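**Q** Residue numbers (this note's numbering), protein chains in the order written: chain E, 1 to 207; chain U, 1001 to 1545.
Where a beta carbon is used, it is the ideal one built from N, C-alpha and C, also for glycine.
Just so we're clear, the structure is a prediction, and the values are computed from it rather than from any experiment.
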Amino acid sequence: MKKYISLLIVLLLATTTTGIAQQMQQKIDMRIDSIGNAKIKMSMTMTAQEWQGWAASFGNNPAALKREIERGMPGYFLDDFKLEKDEMNRSFELSLNAYGACDIDKRGRWTVETDQKDANLTKITDHKYMLVSSPMEYGGALQQTYTIEFPEAATDIEVDKDALGNSIFEFKMERPSGGFNLLRLSGIALLVIGGGWTGLSLVGKKN
Amino acid sequence: MKKITIPILVTVVGALLLGGSFLFSSGGEGSLDVDIVKTQTIMPAAHNVYANEDALNGKYFLFKAKITNSSKNTLEDVTVRYRIPGFVEWTELDVIGEMFPGQTASVRCYPKFPESIAEKMTESTEKAEIEITWDGATEDEMIEEEIGFRISNRSEYMFTNIPASEIAGWADVYNNDALLACFVTPNDPIVQYYTQNIQEKILMGEAASVSKDPNEAVRFLGGIYNATLLSHMVYSGTKGIPETLQDISAFSQQNRLPREVITGNTGLCLELSLLYASILSNAGLDPFIFLVPGHAYPGFRLNGQYYAIEATGIGGEGLGKISSAEEAFEAGMKQLNEFFQKQQQGDPRYTYVDVHLVNKMGATPMALKDDNFLRKKVDDIVASWGKAGSLPKASSGGNTTRYVSNNGSASNTGGGGGGGRALSFAVPSGWQTMMRPMPEVGILTAQALSPDQYVSVSVYDIAVSNGSDAMYTISNVLANYGMSVEFEMEGNNVYGNTYSSNGTFTWMGKTLRKNGGIRVVAVGAPDYAFNQYSGVINQVFNSIR
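#1: In this structure, what does DSSP give as the bridge partners for R1081(U)?
#2: Using the beta-carbon of each residue, which ones in chain U are nearer than 9 angstroms to I193(E)?
#3: Can you name the start and end residues of the beta strand (DSSP E) that F81(E) belongs to?
#4: Where T1104(U) and L1449(U) are concerned, what is the direct C-alpha to C-alpha distance, given to the nearest angstrom?
#5: Quick check: is the beta carbon of K1066(U) nearer than 8 angstroms to any beta carbon in chain E?
#6: Quick one: what does DSSP say L1017(U) is sitting in, helix, strand or coil?
#7: With 16 other CB atoms within 10 Å as the buried threshold, where does A1308(U) fall?
#8: Would you grab the beta carbon distance between L1062(U) and C1109(U) for me? Rounded to a whole angstrom, and I think it's under 8 angstroms.
#9: For A1588(U), which residues of its own chain have a beta-carbon under 8 angstroms away from its beta-carbon, when the five flanking residues on both sides are left out?
#10: If you drop the 5 nearest sequence neighbours on each side, which residues of the same chain put their C-beta closer than 7 angstroms to that of A1296(U)?
#11: Determine, for A1308(U), whether the minimum Cβ-Cβ distance to residues of chain E falls below 8 angstroms.
#12: Tell me A1065(U)'s beta-bridge partners as DSSP assigns them.
#13: Taking V1234(U) and I1314(U) to be in contact with their CB atoms under 8 angstroms, please state how far apart those CB atoms are, rounded to whole angstroms.
#14: Would you report the Cα separation of T159(E) and M1099(U), rounded to the nearest angstrom?
#15: Measure the Cβ-Cβ separation of F92(E) and G59(E) and say whether it is below 8 angstroms.
#16: For P1085(U), count the other beta carbons within 10 Å of its own beta carbon; 16 or more makes it buried, fewer makes it exposed. Which is it?
#17: So the alpha helix (DSSP H) N1048(U) belongs to, where does it begin and stop?
#18: Measuring CB to CB, does Y146(E) end up less than 8 angstroms from I28(E)?
#19: Between the segment 86-115 of chain E and chain U, which residues of the former have CB atoms less than 7 angstroms from a CB of the latter, in chain order?
#20: Return the bridge partner residues of H1295(U) from the DSSP annotation.
#21: Quickly, what does DSSP pair Q1254(U) with across the bridge? List them, please.
#22: With distances taken between CB atoms, is the gap from R1083(U) to K1120(U) smaller than 8 angstroms?
#23: Rounded to whole angstroms, what's the CA-CA distance from F1149(U) to F1183(U)? Just pull it up for me.
#24: Closer than 8 angstroms between beta carbons: that is the criterion. Which residues of the segment 1092-1112 of chain U meet it against chain E?
#25: Given the structure, does L1336(U) come close to the ligand GTP, in the sense that its CB is under 7 angstroms from one of the ligand's heavy atoms?
#26: When DSSP labels each residue in this structure, what does L1203(U) get in the three-state scheme?
#27: For the segment 1072-1085 of chain U, enumerate the residues whose C-beta is nearer than 8 angstroms to any C-beta of chain E, in chain order.
#28: Considering Cα atoms alone, identify which of G199(E), K117(E), L183(E) is closest to N166(E).
#29: Apart from the five residues on each side of it in sequence, which residues of its chain come closer than 6 angstroms, Cβ to Cβ, to E1129(U)?
#30: Tell me where the alpha helix (DSSP H) around F1216(U) begins and ends.
#31: So the candidates are A154(E), R184(E), Y99(E); which of them puts its Cα closest to the Cα of V1013(U)?
#32: Taking just the CA atoms, how far does T1079(U) sit from H127(E)?
#33: Step through the CB atoms of chain E and report whether any lies within less than 8 angstroms of the CB of A1137(U).
#34: Helix, strand or coil for W1170(U), going by three-state DSSP, please let me know.
#35: Helix, strand or coil, according to DSSP, for R67(E) in the structure here?
#36: Buried or exposed: where does L131(E) fall if 16 or more other Cβ atoms within 10 Å of its Cβ makes it buried?
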């Protein structure tokens, strides 16, 4: 089952590329958590003309924006959409959650697909990669810069290829700790205290 | 005794809490939460799309399930399978090796229906059964779900799969337009047979896809039209393409397949468009279907230019006027001009289906079997071409009529404000021409823009005596608008870049003597798109005279 991280965020760009268009830049941060969900943040600054077109189509109609993204990413279950506009600087930031963004196979190996052949990937840190792409649909007029951040629990992160030659990330990830188990810790504490106390009482009685 | 009672009690309570912590974390019933989103209707004609998770960005799934491990245990080998009784046997969709507590998986279903679904002539309501299990799951814990959906008949085409209450604009109304390509059946043996007959009997040979000659391609388009005309095919109008957003009744249409249009000898605008697209594709051309409010017409793209014909010009005796192939082509090109103007104005009702492009994206046609009865009917139709004797008067010379100029560009049929040669170059078909686009820049006589607005041609008229002075004048004028021009001259040819806050525009042009001054005609594109459009740029450049 495929999961794409090449989010079709370009759908956000309802503006048509006009005449002599300047190359547009879009920044997409994808932070994967310890159970394979992703928090996605997209940001972009536009020219005056692009901003007008975007505002008319989506910027002033967040419901339409949400719908377009949901349709553009049919494989995901998305929620928690938040749009922040900086009208003075003609930029916006959109954040959302994507559930089940990673796969985990029968051997417990996690994968994230890029849906891109020979993706232009750069390792920034052990848990952070950057991918730059120019979707063909926009004829080079749009450059998307993704940063993909894996959780600290992810180990052995490798870039590989799937059967179709697309670049994929593979990694291992242990089960996240169950957190503070009050019941278990209390039980252990009482066992230790009770056991010690009983022991001391028995020794004291003997003496 | 009393002294050790309390510590023993504390120890026992501790042991109970410890045991309980394991007991309460052992999951139990309902440890997976499942949320299912389903499609309402499956169109048999598009069954190849529903089967392909890569097709059209994977938006045509039967259902998708959000599965969340709501227990405190890690579940192993969570297996999702489904079946559609009568169509698809139990099929494993996904095996998730491990599901941690709180982890969510998104599983989509792209059912591979049997090919026989393409023969389905009636609609029905079906159900899909979904089963989710994992290692160690008891029968009570196993999850079973059922979803109902509709399978339409093979002829039904739904313009959109978005519920009426959700429709907000024309993009929503045309949400399924890529699926029209599933009704374009160039590999149908009957369509192939019909195409061969047109090539042989009507056109006496045809090589448009090999020669890439627009004249030859337009002759082929006229040949298809004449074939329908000679067989007395008639246009039968009915409610079809939606005209308004409230036109819910027209959000689906029964489309006869191209083979049924051929043998039934009648078709709606959309059905005729599908027929033309099938034949054009079969002949190796690049078919397009243009959709406008209430209407559709076919065409093709060759060497970056668009051509169209009004296929419904065949009319019918009961409908009055029957157009010749030439008239139908002229009407098509006129509509095409209007189409691109509307599109450039941002009218979302004007859209097209690039059949081969969406084929590549996974919208592939259904497979149809050969049929001797239908072949016989094609033979009868072909025989009627001979009986007809000749084409209607206006198209009697249809086989030799040249619809396009020798340089390969269709003549600009208006709308842009001027014929191509008046501007010293041939305006490609479908381009928008603007006279005096910037009145404040007096030397800029006209500009022409390609339909996708990447390539543009500028025509400057300057009252100077040589090309070099003309170029310096242009540079000075453009400098007032924040543009910097860098150029190099080779005889009458001039090459250069224009830099502005919008980026770099790369161009090439010629200087011509005109009306006692110098005319500069320059064609180009943004630097990053220049190579991509070099074909059409060279074509325009070579036409400058």
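**A** Taking the geometry as given:
#1: On the second sequence, position 81 is the one that residue 1081(U) refers to. R1081(U) pairs with E1092(U), E1131(U).
#2: Within the first sequence, residue 193(E) is the residue found at index 193, counting from 1. Within chain U, the residues near I193(E) are P1007, V1010, T1011, G1014.
#3: Sequence index remark: in the first sequence, residue 81(E) carries index 81 (1-based). Looking at the DSSP string, the run of the beta strand (DSSP E) that includes F81(E) is 77-86.
#4: Walking along the second sequence from the start, residue 1104(U) turns up at place 104. Walking along the second sequence from the start, residue 1449(U) turns up at place 449. If you take the alpha carbons of T1104(U) and L1449(U), they lie about 49 angstroms apart.
#5: Walking along the second sequence from the start, residue 1066(U) turns up at place 66. Yes, K1066(U) counts as interfacial toward chain E.
#6: Position 17 of the second sequence, counting from 1, holds the residue named residue 1017(U). DSSP places L1017(U) in helix when its eight states are reduced to three.
#7: What you label residue 1308(U) is simply residue 308 of the second sequence in a count that begins at 1. Buried, by the Cβ-count rule.
#8: Working through the second sequence from its first residue, we reach residue 1062(U) at position 62. Working through the second sequence from its first residue, we reach residue 1109(U) at position 109. Yes, L1062(U) and C1109(U) are in contact; Cβ-Cβ is about 5 angstroms, under 8 angstroms.
#9: Residue 1588(U) lies beyond the stretch modelled for chain U, which goes from 1001 to 1545, so this question has no answer here.
#10: Taking the second sequence and counting its residues from 1, the one referred to as residue 1296(U) is at position 296. Correct list, in chain order: I1241, C1269, L1270, S1273, I1289, F1290.
#11: Position 308 of the second sequence, counted from the first residue, corresponds to residue 1308(U). No, A1308(U) does not count as interfacial toward chain E.
#12: On the second sequence, residue 1065(U) is found 65 positions in, with the first residue counted as 1. Looking at the DSSP assignment, A1065(U) forms a beta bridge with I1036(U), V1107(U).
#13: Taking the second sequence and counting its residues from 1, one reaches residue 1234(U) at position 234. Taking the second sequence and counting its residues from 1, one reaches residue 1314(U) at position 314. That pair is a contact at about 7 angstroms.
#14: Within the first sequence, numbered from 1, the residue matching residue 159(E) stands at position 159. Within the second sequence, numbered from 1, the residue matching residue 1099(U) stands at position 99. The sequence as given places Val at residue 159(E); Thr does not occur at that position. Rounded to the nearest angstrom, the two C-alpha atoms are 23 angstroms apart.
#15: Start at 1 with the first residue of the first sequence, and residue 92(E) comes out as number 92. Start at 1 with the first residue of the first sequence, and residue 59(E) comes out as number 59. Cβ atoms of F92(E) and G59(E): closer than 8 angstroms.
#16: Start at 1 with the first residue of the second sequence, and residue 1085(U) comes out as number 85. Under this definition P1085(U) is an exposed residue.
#17: Along the second sequence, one-based indexing puts residue 1048(U) at 48. Its alpha helix (DSSP H) spans residues 1047-1050.
#18: Position 146 of the first sequence holds residue 146(E). Position 28 of the first sequence holds residue 28(E). Yes, they are a contact pair.
#19: Y99, G100, I104, D105, K106, R107, G108
#20: Stepping through the second sequence from its first residue, residue 1295(U) is reached at position 295. DSSP, once it has assigned bridges, lists V1292(U) as partnering H1295(U).
#21: Looking up residue 1254(U) in the second sequence gives position 254. Looking at the DSSP assignment, Q1254(U) forms a beta bridge with E1156(U).
#22: Residue numbering aside, residue 1083(U) sits at position 83 when the second sequence is read from its first letter. Residue numbering aside, residue 1120(U) sits at position 120 when the second sequence is read from its first letter. Not a contact, by the Cβ cut-off of 8 angstroms.
#23: Numbered from 1 along the second sequence, position 149 holds the residue referred to as residue 1149(U). Numbered from 1 along the second sequence, position 183 holds the residue referred to as residue 1183(U). Distance between the alpha carbons of F1149(U) and F1183(U): 22 angstroms.
#24: L1093, D1094, V1095, I1096, G1097, E1098, M1099, F1100, P1101, G1102, Q1103, T1104, A1105, S1106, V1107, R1108
#25: Of ligands this structure carries none, so the ligand GTP is not represented either.
#26: Taking the second sequence and counting its residues from 1, one reaches residue 1203(U) at position 203. Of the three classes helix, strand and coil, the one that applies to L1203(U) here is coil, per DSSP.
#27: K1072, T1074, D1077
#28: The residue you call residue 166(E) lines up with position 166 of the first sequence. Ranking the options by Cα distance to N166(E), first place goes to K117(E).
#29: Start at 1 with the first residue of the second sequence, and residue 1129(U) comes out as number 129. Closer than 6 angstroms at Cβ, skipping near neighbours: R1083, E1146.
#30: For this step, residue 1216(U) is matched to residue 216 along the second sequence. Here the sequence assigns Glu to residue 1216(U), which means Phe is not the residue at that position. Note, E1216(U): alpha helix (DSSP H), 1214-1230.
#31: If you number the second sequence from 1, residue 1013(U) lands on position 13. Among A154(E), R184(E), Y99(E), the Cα nearest to that of V1013(U) belongs to R184(E).
#32: Counting from 1 along the first sequence, the entry for residue 127(E) is found at position 127. Counting from 1 along the second sequence, the entry for residue 1079(U) is found at position 79. Those two C-alpha atoms are separated by around 30 angstroms.
#33: Sequence index remark: in the second sequence, residue 1137(U) carries index 137 (1-based). So, not an interface residue.
#34: Translated into the one-based positions of the second sequence, residue 1170(U) becomes position 170. Three-state DSSP puts W1170(U) in a helix.
#35: Here residue 67(E) refers to the residue found at position 67 when the first sequence is read from its first residue. Note: R67(E) maps to helix in three-state DSSP.
#36: As a position in the first sequence, residue 131(E) is number 131, starting the count at 1. That one is buried.
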